[in-house]
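Engineer: Pasting a structure below so you can have a look.
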Amino acid sequence: MSLLEKIKSLSQAYSGQVVEYRRYLHANPELSYQEFNTVKYVDDKLRSFGIHKIENLATTGLVAEVKGKNPDKKTIALRADMDALPIVEANNVPYKSKNEGVMHACGHDVHTSSLLGTAKILHDLRDQFEGTVRFLFQPGEEKNPGGASYMIRDGALENPRPAGIIGQHVFPLLPAGKIGFREGMYMASADEIYLRVIGKGGHGAAPDLAIDPIVIASHIIIALQQIISRNASPKQPTVLTFGNIIGKGATNIIPDEVNIAGTFRAMNEVWRESGLEKIKKMAESIAEGMGGRCEVDISRGYPYLENNPELTRRLKLAAEEYVGKENVYDIDITLGAEDFAYYSQIIPASFYRLGTSNVEKGIKSYVHTPTFDIDEDALKIGPGLMAWMAVKELELV
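Next up, the structure:
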């Protein structure tokens, strides 16, 4: 039996256990940087497999290693995120969240359980390959500044530095059994924009005695869109969206201030810096010109994600070997963001997509929704696929 056949066989054999891991994690979600029980569960499982080279990083993250023959030859890293979202789950399933108001609505339970399965497979086959596989189970992907930045700070990519890193993410736009890849520029940077527009409150019937922050805020919101339409290159994907506006007045009350919150996305770091500077300057100057002032607070998020073309090309070929060429797709860029991007700024990285939907079973909701779920048949593929990718990368000299 070839190594590929052995990996496929083990992935199939362990799929029931991986589903159990996923259902436990789904029923017991924890928010970003609060994954204390989750990381203990992962640690316990790894030790039960016989993996004992484990180091805790970033408070609620860990790194583990499986060493093959000649372990110093090369190291490849594999990553999963573990945090959940502040969403009330609407699914009526046996593994529904027990933590009211917290839900694995972005598939991090899938990523974690799948990587556990990968670790188990590679530990079983450690005498069948050369090199070392490092497993990164990280906290806080969903919240700035991103758990990946803390993992890097604490040395997850050192001693030795891996030759590359691979990440997997659920993708409800593809059916279970399908895999998606994108070379090069793939996901956007994401910065949070908070504007506090300050005026002078008053009676709605006497606006001349007030400085209306709602009118000022309205002008700011409209004007800032011109940064996207008139300053950004039309060849460069970018977006500015404001999704929250609070002005606590009434029909006849002009409030003292208005608070606005939004997101700025870019796929070029030079434009990102320029855009943020223009947002700040324009918001402040418009408010000042209308008699008020605007306090601008920018919460820096993740950089844009670059999938190393050579690594991604090799992984795509490995996926074609594993699931068949007809099941591997090229996917488009997205202005969604991922803190996996931090890794891609340091070492060759590739972030691919695992198809998880099944329309016939009614499993089609998108991520970050109360009804998100997956076709668990995807977990028959995910662990073995990543194991095969890791082995193929270790074979390269």
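Under UniProt numbering, the first residue of the sequence shown is numbered 1, with each subsequent residue one higher. The beta carbon of each residue, even a glycine, is placed where N, CA and C say it ideally should be. This one's a predicted model, so the numbers in the text were calculated from it and none came from an experiment.
1) Taking 6 Å as the line, does the beta carbon of HIS368 fall inside it for any heavy atom of the ligand PLP?
2) Where does the unbroken alpha helix (DSSP H) through PHE340 begin, and where does it stop?
3) Measure how close the beta-carbons of ILE211 and GLY292 come, nearest whole angstrom, since I'm counting them as under 8 Å.
4) Give every residue of the same chain whose Cβ lies closer than 6 Å to the Cβ of ASN244, excluding the five residues on either side of it in the sequence, and list them in chain order.
5) Would you kindly report the start and end of the unbroken alpha helix (DSSP H) that includes SER2?
6) Would GLY355 and SER114 be called neighbours here (beta carbons separated by less than 7 Å)?
7) Under DSSP, the alpha helix (DSSP H) around MET386 begins and ends at which residues?
8) What is the DSSP secondary structure of LYS281, reduced to helix, strand or coil?
9) Could you tell me whether any Cβ in chain B is nearer than 7 Å to the Cβ of LEU305?
10) Whole angstroms is fine: what's the gap from VAL270's alpha carbon to ILE333's?
11) Between the Cα of GLY167 and those of ASP339, ALA378, LEU25, ASP377, spot the shortest distance and give me the residue it belongs to.
12) Where does HIS169 fall in DSSP's three states?
13) Going straight from the alpha carbon of ARG196 to that of TRP388, what length do you get?
14) Whose CA, out of LYS235, LYS278, GLY164, PHE137, lies closest to the CA of THR118?
15) In the DSSP assignment, the alpha helix (DSSP H) including GLY117 goes from what residue to what residue?
16) So, for ASP373: in the same chain, excluding its five sequence neighbours on each side, which residues have a beta-carbon less than 6 Å away from its beta-carbon?
17) CB VAL66 to CB ARG161, shorter than 7 Å?
18) Note down, in chain order, each residue of its chain lying with its Cβ closer than 6 Å to the Cβ of TYR366, except the 5 sequence neighbours on either side.
19) Which of helix, strand or coil does DSSP assign to LEU157?
20) Which ranges would you report for the beta strand (DSSP E) in the region 66-115 if only whole runs of at least 3 residues count?
21) In the DSSP output, which residue or residues are listed as bridge partners for LYS200?
22) State the CB to CB distance for the pair ILE286 and ILE165, rounded to an integer number of angstroms; the pair is presumed to be in contact (CB under 8 Å).
23) What is the rounded straight-line gap between the Cα of ASN358 and the Cα of ALA176?
24) Classify PHE135 as buried or exposed, calling it buried when 16 or more other Cβ atoms lie within 10 Å of its own Cβ.
25) What do you reckon, are the CB atoms on GLY384 and SER11 nearer than 7 Å?
26) Could you name the residues of the same chain whose beta carbon sits closer than 6 Å to that of THR241, not counting the 5 residues immediately before and after it, in chain order?
27) If you measure between the beta carbons of ILE76 and ALA390, is that distance less than 7 Å?
28) Just verifying my parser: in three-state terms, what is the DSSP assignment at MET151?
29) By the DSSP assignment, the alpha helix (DSSP H) with VAL359 in it spans what residues?
30) Inspect the beta-carbon positions of TYR342 and SER149 and report whether they are closer than 7 Å.
31) For the pair the region 303-320 and the region 214-224, tell me if three or more CB-CB distances fall below 8 Å.
32) How long is the line joining the alpha carbons of SER344 and MET185, rounded to whole angstroms?
33) Contact check, TYR95 vs HIS203 under 8 Å by CB: the rounded distance?
34) List the endpoints of the continuous beta strand (DSSP E) containing ASN259.
35) With three or more beta-carbon pairs closer than 8 Å as the criterion, would you say the region 230-240 touches the region 266-285?
Structural biologist: According to the structure shown:
1) Within the structure as shown, the ligand PLP is missing, as the structure has no ligands at all.
2) Counting along the chain, PHE340 falls outside any alpha helix (DSSP H), and DSSP gives it neither H nor E.
3) The C-beta separation of ILE211 from GLY292 comes to about 5 Å, placing the pair in contact by the 8 Å criterion.
4) Closer than 6 Å at Cβ, skipping near neighbours: ALA261.
5) The continuous stretches of alpha helix (DSSP H) do not include SER2, and DSSP gives it neither H nor E.
6) Cβ distance not < 7 Å, so GLY355 and SER114 don't count as in contact.
7) Residues 382-395.
8) Correct three-state label for LYS281: helix.
9) Note that chain B does not occur in the displayed structure, where there is just one protein chain.
10) Rounded to whole angstroms, VAL270 to ILE333 spans 19 Å at the Cα level.
11) By alpha-carbon distance to GLY167, the top candidate from ASP339, ALA378, LEU25, ASP377 is ASP339.
12) HIS169 falls in the strand class under three-state DSSP.
13) Between ARG196 and TRP388, the C-alpha separation is close to 51 Å.
14) Ranking LYS235, LYS278, GLY164, PHE137 by Cα distance to THR118 puts PHE137 first.
15) Annotation for GLY117: the continuous alpha helix (DSSP H) segment containing it runs 108-124.
16) Within the same chain, ASP373 has close Cβ partners ASN91, ILE363.
17) When the beta-carbon positions are compared, VAL66 and ARG161 stay at least 7 Å from each other.
18) Within the same chain, TYR366 has close Cβ partners PRO172.
19) In the structure shown, LEU157 sits in coil (DSSP, three-state: anything other than H, G, I, E or B).
20) The region 66-115 is shown to contain whole beta strand (DSSP E) runs of 3 or more residues at 75-81, in chain order.
21) ILE211.
22) Not a contact, Cβ separation roughly 43 Å.
23) C-alpha separation (whole angstroms): 7 Å.
24) Buried, since its Cβ has 16 or more Cβ neighbours within 10 Å.
25) Going by C-beta atoms, GLY384 is nearer than 7 Å to SER11.
26) Counting only Cβ-Cβ distances below 6 Å, and skipping sequence neighbours, we find GLY262, THR263.
27) Taking 7 Å as the Cβ cut-off, ILE76 and ALA390 qualify as a contacting pair.
28) Looking at MET151 - three-state DSSP - the assignment turns out to be helix.
29) No alpha helix (DSSP H) contains VAL359, which DSSP labels as neither H nor E.
30) Taking 7 Å as the Cβ cut-off, TYR342 and SER149 qualify as a contacting pair.
31) Too few Cβ pairs lie closer than 8 Å, so no.
32) In this model, SER344 and MET185 are separated by some 11 Å (Cα to Cα).
33) Wrong, their Cβ atoms sit about 55 Å apart, outside the cutoff.
34) First-last of the beta strand (DSSP E) with ASN259: 257-266.
35) Using a C-beta cut-off of 8 Å, the region 230-240 makes contact with the region 266-285, since at least three inter-stretch Cβ pairs fall below that distance.
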